[in-house]
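Numbered by the numbering used here, the letters in the sequence shown go through residues 6 to 713 in order.
Don't be surprised by glycine CBs; every beta carbon is placed ideally from N, CA and C.
Data first, discussion second: the structure below is written as structure tokens.
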Amino acid sequence: RETKKQKVSEQNPATRNLHQFLNFAFKGQGGSTVNKRKTSNRFLSVALGALTTMAVALPVTSSANDLSVAAEQPTVVGSLDTGTESKKASDQSNVYIVQLEGDPVATYMGEIPGLKATSNRATGATKLNTNSKASKKYKAHLQKKQAKFVTDSNSAIGRSLNVSRDFQIVLNGVAAELSEAEADALRSMPGVKSVVRERYEVPLTDAGPGWINAPDVLSGPPNNVPHSMGEGIVIAILDSGINSDHPSFADVGGDGYDHTNPLGSGNYLPGSYCDVVDPGFCNDKLIGAWDMTGPADGTSPEDTDGHGSHTAATAGGNVISGATLVTPTTTFSRDITGVLPHANIIAYDVCIDSCPGSALLAAIEQVVVDAANLPDGIHALNYSISGGGDPYNDPVEIGFLNATAAGVYVAASAGNNGPGASTNGHSGPWVSTTGASTHNRVIVNSVVDMDSDNGPLADIVGAGLTSGYGPEKIVNAADFPSGLTATPGLCGVGDIGDFISPWPPGTFNGEIVACTRGTFGRVEKGANVLAAGAGGYILMDNGSGIVGDAHVLPGVHITQADGAVLAAWLAGNANATGSINGFTLDLDDANGDIMAGFSSRGPATAVDVIKPDVTAPGVSIFAAEADGQAAAAPEYQFLSGTSMSSPHNAGAGALISAVRPDWSPYQVRSALMMTAKRDTVLKEDGATPADPFDMGAGRLNLERAQEV
Numbered sequence: 006r007e008t009k010k011q012k013v014s015e016q017n018p019a020t021r022n023l024h025q026f027l028n029f030a031f032k033g034q035g036g037s038t039v040n041k042r043k044t045s046n047r048f049l050s051v052a053l054g055a056l057t058t059m060a061v062a063l064p065v066t067s068s069a070n071d072l073s074v075a076a077e078q079p080t081v082v083g084s085l086d087t088g089t090e091s092k093k094a095s096d097q098s099n100v101y102i103v104q105l106e107g108d109p110v111a112t113y114m115g116e117i118p119g120l121k122a123t124s125n126r127a128t129g130a131t132k133l134n135t136n137s138k139a140s141k142k143y144k145a146h147l148q149k150k151q152a153k154f155v156t157d158s159n160s161a162i163g164r165s166l167n168v169s170r171d172f173q174i175v176l177n178g179v180a181a182e183l184s185e186a187e188a189d190a191l192r193s194m195p196g197v198k199s200v201v202r203e204r205y206e207v208p209l210t211d212a213g214p215g216w217i218n219a220p221d222v223l224s225g226p227p228n229n230v231p232h233s234m235g236e237g238i239v240i241a242i243l244d245s246g247i248n249s250d251h252p253s254f255a256d257v258g259g260d261g262y263d264h265t266n267p268l269g270s271g272n273y274l275p276g277s278y279c280d281v282v283d284p285g286f287c288n289d290k291l292i293g294a295w296d297m298t299g300p301a302d303g304t305s306p307e308d309t310d311g312h313g314s315h316t317a318a319t320a321g322g323n324v325i326s327g328a329t330l331v332t333p334t335t336t337f338s339r340d341i342t343g344v345l346p347h348a349n350i351i352a353y354d355v356c357i358d359s360c361p362g363s364a365l366l367a368a369i370e371q372v373v374v375d376a377a378n379l380p381d382g383i384h385a386l387n388y389s390i391s392g393g394g395d396p397y398n399d400p401v402e403i404g405f406l407n408a409t410a411a412g413v414y415v416a417a418s419a420g421n422n423g424p425g426a427s428t429n430g431h432s433g434p435w436v437s438t439t440g441a442s443t444h445n446r447v448i449v450n451s452v453v454d455m456d457s458d459n460g461p462l463a464d465i466v467g468a469g470l471t472s473g474y475g476p477e478k479i480v481n482a483a484d485f486p487s488g489l490t491a492t493p494g495l496c497g498v499g500d501i502g503d504f505i506s507p508w509p510p511g512t513f514n515g516e517i518v519a520c521t522r523g524t525f526g527r528v529e530k531g532a533n534v535l536a537a538g539a540g541g542y543i544l545m546d547n548g549s550g551i552v553g554d555a556h557v558l559p560g561v562h563i564t565q566a567d568g569a570v571l572a573a574w575l576a577g578n579a580n581a582t583g584s585i586n587g588f589t590l591d592l593d594d595a596n597g598d599i600m601a602g603f604s605s606r607g608p609a610t611a612v613d614v615i616k617p618d619v620t621a622p623g624v625s626i627f628a629a630e631a632d633g634q635a636a637a638a639p640e641y642q643f644l645s646g647t648s649m650s651s652p653h654n655a656g657a658g659a660l661i662s663a664v665r666p667d668w669s670p671y672q673v674r675s676a677l678m679m680t681a682k683r684d685t686v687l688k689e690d691g692a693t694p695a696d697p698f699d700m701g702a703g704r705l706n707l708e709r710a711q712e713v
């Protein structure tokens, strides 16, 4: 989530068209929602549609200040991937979550005379039954107590309390709009446990499932392990919605598997969008969808962002043969699948530009209710969203605590603020926190056949999902002064996201232009040199790590060391020439099990636990995109981030939950950690063995875990 909205009214038409194109080009690279705009330049429009959200990353990090489109580094408000402050100023009204004394249904142990215990711990059940007589009676008790609190609070704040949401299943409390002074007044009321301002969190495949050894995932019938491809398994996805008509979520998958709806064909979760508004939105695979965001995002859970479709497809998307993405200069096609391609999915739309805490809490509560309405419950919940730095005081994390107590396995992303220590989110010991590492597929591009008046330079291997170009003259952008910036080598002007080329059209005449990484977006720099007349593009890294983007012109991203060699060679040699080779696919086990530099690290010092719990593929994951975002349907995109690794964990946890229905979520997590592969995992340098603060217990190994 690495873009921000920019004013375009004061720009000239050419700049405005480029700006609009780049807004689309960056859209979805880290999950951001960017308003769709029409552009008067048809070429840019077509190229833009083809580009979509491509970010094909190599096993390295990305930079927070450079619109790093592959590693999801949200920039909505506040800190990166550790949660954000409310959008409103502290002296104005904000939504607060008021937690009241007394356990919610998920953890109530029966202390009140006349009200029987409801928690699994007391009843001995493995899944919370919210429909039982005891649960309904205790929920009504909480609602009555909450109504009394609302009445009593009116005198405390001098007005009627406007409650927007109330919670009884995973939290006993309400959400309401308050000023800080009013919140202080409520904190002093009897029966109030806490009053916390709502936080706005942010959303943080072909090779991934196979790399964690998901059994028989690409070919053949299910093996002797029940549910091995997801049959009878239900996964909940809390995210930006879902592309409901995408092949990844069709009733019949590309392998011919016809999904079974656990509620019966044509029946959908009670009260969900498909049950009360549009049955056509769902099918026997997608058995329910909820819009928790309210009117600001419309009323449909359709994904306008791409992030939710991508995470859902990674966890449980169908087998698809020949999924194809058309980029501005080339095409890419692969067979893809989710970890559990025969699983059922429920989508919970909780995000617009960011994800309000009250919507998140309402969705967690709904997951527990939905689980009780399904014959075998919900086997896992995926949460590829920031937060969890203060789990014992965060209402959403407390909601996850009680959801796990209700029997739901929760997988969450560690965050994209690595590789520094103690940068992880989701520190709660009850959540399975997921780091990001590589799998075996890498997309390679190179600068080759370089020569000059004073001699050649050896080929340089890098990354870039583009076609080839050349031979052509190679120049350093730093050697072309600009009246708009003192640093033309950065190939951008102004604030991040201003999308202004330092040079006028015609500055270049088809040359391959080398830029230095930093400050401005990687794809943006390529578009800027293209607008100035370049025919090719080399991005010299700044130490953050190379990423194989689908640039708008033939382009290669090379390492910092190789960039220094290239820059020195260009400075000392006249008439330098060379070619961009065009991408090739490299499938090699040696590419896998390298920690992504962006993956947040532990330990979780605030609560004194080791995080993350495990790592899983989160680099260059190829999966579904939102409707209408690619050049042609069906839509696909590459994304990297712990948002992409967490769905692998959710799929793995769902399988173990189904195979061992008598196990609690904590036992499931233990099995995945104890069977994880740790001896082959390396730090982001690709050489140093990873430690538990990098990878947790190690990389998921589902083949071993299912044998426990």
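Enumerate in chain order the residues of its own chain whose CB-to-CB distance from residue i is below 6 Å, with the five nearest sequence positions on each side excluded.
i             : result
glycine 499   : Ile505
arginine 170  : Ala180, Ser363, Ala367
threonine 685 : Asp598
serine 451    : Asp464, Val466, Asn586
alanine 581   : Ser457, Ile479, Leu575
valine 561    : Asn450, Val452, Gly467, Gly469, Ile543, Ile585
threonine 731 : Residue 731 lies beyond the stretch modelled for the chain, which goes from 6 to 713, so this question has no answer here.
alanine 411   : Ala111, Leu133, Val373
Mind checking who residue i pairs with in its DSSP beta bridge?
i              : result
isoleucine 102 : Ala180, Val201
arginine 170   : Ala180
asparagine 704 : It should be pointed out that residue 704 corresponds to arginine in this sequence rather than to asparagine. Paired residue(s): Thr620, Lys682.
lysine 478     : Thr582
asparagine 378 : Asparagine 378 is not bridged to any residue.
Please classify residue i: does DSSP put it in a helix, a strand, or coil?
i                 : result
arginine 674      : helix
glutamine 642     : strand
phenylalanine 154 : helix
leucine 120       : coil
valine 110        : helix
threonine 128     : helix
threonine 316     : helix
glutamate 689     : coil
cysteine 496      : coil
aspartate 484     : helix
cysteine 287      : coil
arginine 665      : coil
Under the rule that 16 or more other beta-carbon atoms within 10 Å means buried, what is residue i, buried or exposed?
i              : result
glutamine 148  : exposed
leucine 365    : buried
alanine 532    : buried
alanine 628    : buried
tyrosine 262   : buried
asparagine 125 : buried
methionine 114 : exposed
methionine 679 : exposed
lysine 530     : buried
serine 165     : exposed
State the Cα-Cα distance for the pair residue i and residue j, rounded to the nearest angstrom.
i              : j              : result
asparagine 422 : glycine 327    : 34 Å
tyrosine 414   : valine 374     : 15 Å
alanine 519    : glycine 494    : 8 Å
valine 51      : methionine 649 : Any reading at valine 51 must be qualified, since the residue scores a pLDDT of 29, below 50, and its modelled position is unreliable; the value itself is stated next. In a straight line, the C-alpha of valine 51 is about 28 Å away from that of methionine 649.
tyrosine 641   : valine 614     : 37 Å
proline 639    : proline 461    : 45 Å
serine 675     : leucine 120    : 34 Å
tyrosine 474   : valine 534     : 15 Å
glycine 497    : valine 557     : 16 Å
asparagine 167 : glutamate 185  : 15 Å
valine 624     : threonine 524  : 22 Å
tyrosine 353   : serine 338     : 29 Å
proline 617    : glycine 394    : 12 Å
Counting only the same chain and skipping the five closest in sequence on each side, list residues whose C-beta sits under 8 Å from that of residue i.
i           : result
alanine 320 : Ile240, Ile242, Gly343, Val344, Leu345, Ala348, Ile350, Ala385, Asn387, Pro652, His653, Ala655, Gly656, Ala659
serine 477  : It should be pointed out that residue 477 corresponds to glutamate in this sequence rather than to serine. Answer for glutamate 477: Gly515, Glu516, Ile517, Gly540, Gly541, Thr582, Gly583, Ser584, listed in chain order.
proline 109 : Leu147, Phe172, Gln173, Ile174, Val175, Leu176, Asn177, Asn407
For residue i, which residues of its own chain have a beta-carbon under 7 Å away from its beta-carbon, when the five flanking residues on both sides are left out?
i                 : result
threonine 589     : Val449
phenylalanine 485 : Pro493, Trp508, Thr512
glycine 299       : none
threonine 693     : Leu687
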